[in-house]
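First the structure, in the form of structure tokens, and then the observations on it.
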Amino acid sequence: MDLWPGAWTVLLLLFLLLLFLLPTLWFCSPSAKYFFKMAFYNGWILFLAVLAIPVCAVRGRNVENMKILRLMLLHIKYLYGIRVEVRGAHHFPPSQPYVVVSNHQSSLDLLGMMEVLPGRCVPIAKRELLWAGSAGLACWLAGVIFIDRKRTGDAISVMSEVAQTLLSQDVRVWVFPEGTRNHNGSMLPFKRGAFHLAVQAQVPIVPIVMSSYQDFYCKKERRFTSGRCQVRVLPPVPTEGLTPDDVPALADRVRHSMLTIFREISTDGRGGGDCLKKPGVSEAGL
């Protein structure tokens, strides 16, 4: 007895069921929509990285390859109906190395980063990203600096090398001093590695603040709609003449100024604590 026609019928029915189920989940379940959007976001980045790798490989590992990644990622905000507004870009020092420090809310920070990323600037990232398939390889080719946060000695050694690279190759670095993503609508205490780096190299610190995503994104509530994000570049903070003993006060001062601006530019004026605000914008894009 030939069972293949029956098997094909079952597969066809499963396909039709899936075809019906996915749109139903999309329109009826905000949680399902959240997971679909995040899955597409991550998958699309991995796919774009595959396209970027052969282009970047022509130069090899080179900070100039970050321009290619930025160009390929800039459109993602349109897919999700997210408006990114940049203010204060004139505060970037025009022709010298510096250390950028920014708050860290979620993987969506990539959208704001690509919008404002200055020339010859690369992020410092955790070493685990290096093994993230095509994205890890693309980041390596773009000169992203990887640090093993679990091995303090290695991290200090890498930071010392970065300090030399800043000055000898006119490179800027982007650091998230909170050290991990913070979904609570405020800022975690800052780790001091970025500030030690700036003091060691005697280069300015440029704080960048991204407003709360709470009006369009909340991991806790499984909510992801469209919305607006403001990216504010603050005036550079000089480090000339400072010593390692000055780092704790420097880190606290920069964090205080960033937290003040964060609360000012976030939608509800309170930094969107714990994603309490419900969605209030129409959905667009995906």
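When you line the sequence shown up against the UniProt record's numbering, it's residues 1 to 286, in that order.
Ideal Cβ positions, reconstructed from N, Cα and C, are used throughout, including at glycine.
- When the Cα atoms are used, residue 265 and residue 230 turn out to be separated by approximately 7 Å.
- Here residue 203 is near residue 239, since their CB atoms are less than 9 Å apart.
- Shown here, residue 227 sits in a strand according to DSSP, grouped into three states.
- Taken through DSSP and simplified to helix, strand or coil, residue 40 comes out as helix.
- Going by DSSP, residue 192 is part of no alpha helix (DSSP H) at all; its letter is neither H nor E.
- With a threshold of 16 other beta carbon atoms within 10 Å, residue 241 falls short and is exposed.
- Beta-bridge annotation (DSSP): residue 217 is paired with 224.
- Judged by DSSP in its simplified three-state form, residue 248 adopts helix.
- Where residue 102 is concerned, there is no enclosing alpha helix (DSSP H), although the beta strand (DSSP E) around it starts and stops at 99-102.
- C-alpha of residue 30 to C-alpha of residue 223: approximately 6 Å in a straight line.
- Secondary structure at residue 178: coil, using DSSP grouped into helix, strand and coil.
- Contact annotation, residue 174 with residue 139: C-beta distance approximately 12 Å; criterion of less than 8 Å not satisfied.
- For the options 71, 48, 181 and 43, the alpha carbon positioned closest to that of residue 118 is the one of 71.
- In this structure, 200 is the residue among 14, 200, 58 and 255 with its C-alpha nearest to the C-alpha of residue 245.
- Of the candidates 214, 205, 115 and 130, 205 places its Cα closest to the Cα of residue 236.
- Under the three-state reduction of DSSP output, residue 142 falls in the coil class, being neither helix nor strand.
- Judged by DSSP in its simplified three-state form, residue 125 adopts strand.
- Rounded to the nearest angstrom, the gap between the Cα atoms of residue 170 and residue 146 is 19 Å.
- Residue 193 places its beta carbon 9 Å or farther from that of residue 104.
- If you ignore the 5 residues before and after residue 68, its C-beta comes within less than 6 Å of the C-beta of 52, 55 and 56, all in its own chain and listed in chain order.
- For residue 70, the three-state secondary structure derived from DSSP is helix.
- Residue burial annotation: residue 226 is buried, with at least 16 other C-beta atoms found within 10 angstroms of its C-beta.
- Excluding five sequence positions before and after residue 168, none of the CB atoms of its chain fall closer than 7 Å to its own CB.
- If you draw a straight line from the Cα of residue 126 to the Cα of residue 148, it comes to about 6 Å.
- If you draw a 10 Å sphere on the C-beta of residue 42, you find fewer than 16 other C-beta atoms in it, and that means exposed.
- In the three-state scheme derived from DSSP, where H, G and I count as helix and E and B as strand, residue 172 is classed as strand.
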